[in-house]
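Colleague: Please see the structure below; I have some questions.
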């Protein structure tokens, strides 16, 4: 049995974003029940030198759509980083899910050997598609979804491991 790049990317990113949206639903319910402005929660940090919840969700979305676009060899849509509320973050996730779920398995055929180059101001990273996905894109995606979960949990949102894992079967 051969494992495809598609099967270890798009469905996994979809599941992670779907679960992140569901966790944000719990956060939204709690903010409503306790009369807390969702903008306040979206701006919350785990610790002072870490990015806030809003940025964690934005980066998780950017990681997912960037992975899908780079592996498919298509344009990565730009999303403004202007979300300030839980509701706006859920909309960002929805837009990202719409994009990545338009990427087809056939678009990713052969992408394991596609050259992927990511330029940062202080470094340029070069990968083949498989290494990009397994050593950079998925770990980065999981880091930011985990930080979003941790911020919510640290602020009393009643979420657990199964909320993070979601429907795995």
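Numbering (my numbering), first residue to last: 9 to 177. The C-beta atom is built at its ideal place from N, Cα and C for all residues, glycine as well. This one's a predicted model, so the numbers in the text were calculated from it and none came from an experiment.
What does DSSP give as the partner residue(s) for residue 134 in the beta ladder?
Modeller: The partner list for residue 134 (beta bridge, DSSP) reads 125.
Colleague: With respect to the alpha helix (DSSP H) encompassing residue 37, which residues constitute its N-terminal and C-terminal limits?
Modeller: Note, residue 37: alpha helix (DSSP H), 18-41.
Colleague: Sort 175, 176, 171, 59 by Cα distance to residue 33 and report the nearest one.
Modeller: When only C-alpha atoms are compared, the closest one is 171.
Colleague: DSSP on residue 84, reduced to helix/strand/coil?
Modeller: Coil, per DSSP.
Colleague: By the DSSP assignment, the alpha helix (DSSP H) with residue 157 in it spans what residues?
Modeller: 146-162 is the span of the alpha helix (DSSP H), which, as asked, contains residue 157.
Colleague: Which same chain residues, not among the five before or five after residue 67, have their C-beta less than 8 Å away from its C-beta?
Modeller: Excluding residues within five positions, the ones whose Cβ falls inside 8 Å are 59, 148, 152.
Colleague: Does the separation of the CB atoms of residue 141 and residue 75 fall below 8 Å?
Modeller: Going by C-beta atoms, residue 141 is nearer than 8 Å to residue 75.
Colleague: Hey, residue 29 and residue 36: beta-carbon distance below 8 Å or not?
Modeller: The answer is no: Cβ separation not under 8 Å.
Colleague: Hey, quick one: how far does the alpha helix (DSSP H) through residue 166 stretch, first residue to last?
Modeller: Neither: residue 166 is in no alpha helix (DSSP H) and is coded neither H nor E.
Colleague: Under the three-state reduction of DSSP, which class applies to residue 117: helix, strand or coil?
Modeller: Three-state result, residue 117: coil.
Colleague: Are the CB atoms of residue 73 and residue 108 within a distance shorter than 8 Å?
Modeller: Yes, the pair counts as a contact, with Cβ atoms nearer than the cut-off.
Colleague: Within this structure, are the beta carbons of residue 97 and residue 62 separated by less than 8 Å?
Modeller: Against a cut-off of 8 Å, the Cβ pair of residue 62 and residue 97 comes out as a contact.
Colleague: Taking the alpha helix (DSSP H) that residue 96 belongs to, which residues open and close that run?
Modeller: Note, residue 96: alpha helix (DSSP H), 94-108.
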